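Take a look at the structure:
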């Protein structure tokens, strides 16, 4: 078991990474579904990859957050990108490698990775 000080340090680090702070409406929000269905499907490594990569690239206008059930359990892990003044983009069946691609292509270059979006899969 970790000491109380170690646990507090981990908590502070994760709160900074995941964005439990108040959200600015001019920021892009990246929301990861972290209900039981998402976690069981691998959402935790996706959330970690997104948080780490956003921080690594210094994307100060991007906040990575988590939410409960998004309502499409069969498509988990789900990541939503919500940019001010634009339509929400919903990425489905994500994994850490796809998440890195989304950061590079969508968040850095401004091009949605349509092959991973809800609109592109067979419903």
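Numbering (this note's numbering), first residue to last: 157 to 279.
For every residue, glycine included, the Cβ atom is placed at its ideal position computed from N, Cα and C.
Model, not experiment: these values are computed from the prediction.
Grab me the residues of residue 257's own chain with a C-beta within less than 7 angstroms of its C-beta, minus the 5 sequence neighbours each way, in chain order.
-> 269
Residues of its chain near residue 238, where Cβ-Cβ distance is below 6 angstroms and the 5 sequence neighbours each way are ignored | 185, 244
Measuring alpha carbon to alpha carbon, tell me which of 159, 213, 275, 211 ends up nearest residue 293.
-> In the structure as shown, the chain starts at 157 and stops at 279, and residue 293 therefore has no counterpart that could be examined.
Could you please give the first and the last residue of the uninterrupted beta strand (DSSP E) stretch that includes residue 222?
-> 218-223
Limits of the unbroken beta strand (DSSP E) element including residue 226 | Counting along the chain, residue 226 falls outside any beta strand (DSSP E), and DSSP gives it neither H nor E.
Where does residue 167 fall in DSSP's three states?
-> helix
Three-way DSSP call (helix, strand, coil) for residue 248 in this model = coil
Buried or exposed: which applies to residue 196, given that a residue is buried once 16 or more other Cβ atoms fall within 10 Å of its Cβ?
-> exposed
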